[in-house]
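To start, the structure itself, in structure tokens.
Residue numbers (the numbering used here): 151 to 248.
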């Protein structure tokens with residue numbers, strides 16, 4: 151498990167040598183996800199419950215309930231040699247990346 155302040159990577163999927171990748175960033179304090187968050191984020195928002203929050207290097211915030219995530223070095227090692235396709239969390243939330 152990562153702690154607040156640790157570097158992380160976040161992805162949507164990894165299949166056939168291609169990683170749909172949200173980016174690298176830093177785990178920050180837990181927050182209530184926005185109403186348009188993916189996964190069970192909308193339910194957490196309605197209930198006012200917090201979830202792990204990742205502040206990506208591009209400034210966006212991604213929630214643990216929306217993606218697969220882990221320590222940056224683990225992501226780099228596990229998917230070494232794979233193609234990384236950058237996905238916007240906003241496009242993913244709206245279904246534009248499908």
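Cβ atoms here follow ideal geometry from the backbone N, Cα and C, with glycine treated the same way. Note that the structure is predicted; figures quoted are calculated from it, not measured.
Please identify the residue among the options whose C-alpha is closest to the C-alpha of residue i.
{"i": "residue 247", "options": "170, 228 and 160", "result": "170"}
{"i": "residue 151", "options": "244, 165 and 218", "result": "218"}
{"i": "residue 239", "options": "182, 180, 165 and 188", "result": "188"}
{"i": "residue 173", "options": "232, 205, 165 and 153", "result": "205"}
{"i": "residue 183", "options": "209, 201, 222 and 168", "result": "201"}
{"i": "residue 181", "options": "223, 228 and 211", "result": "211"}
{"i": "residue 154", "options": "193, 220 and 231", "result": "220"}
Would you kindly work out how many angstroms separate the C-alpha atoms of residue i and residue j, rounded to a whole number?
{"i": "residue 158", "j": "residue 198", "result": "25 Å"}
{"i": "residue 226", "j": "residue 214", "result": "18 Å"}
{"i": "residue 243", "j": "residue 186", "result": "7 Å"}
Just checking my contact of residue i with residue j at CB under 8 Å: how many whole Å lie between their CB atoms?
{"i": "residue 216", "j": "residue 191", "result": "6 Å"}
Go to residue i, then tell me how far its alpha helix (DSSP H) extends in each direction, as first and last residue.
{"i": "residue 216", "result": "No alpha helix (DSSP H) contains residue 216, which DSSP labels as neither H nor E."}
{"i": "residue 206", "result": "Here residue 206 belongs to no alpha helix (DSSP H); instead the beta strand (DSSP E) covers 201–206."}
Locate the beta strand (DSSP E) running through residue i, then write down its first and last residues.
{"i": "residue 170", "result": "168–181"}
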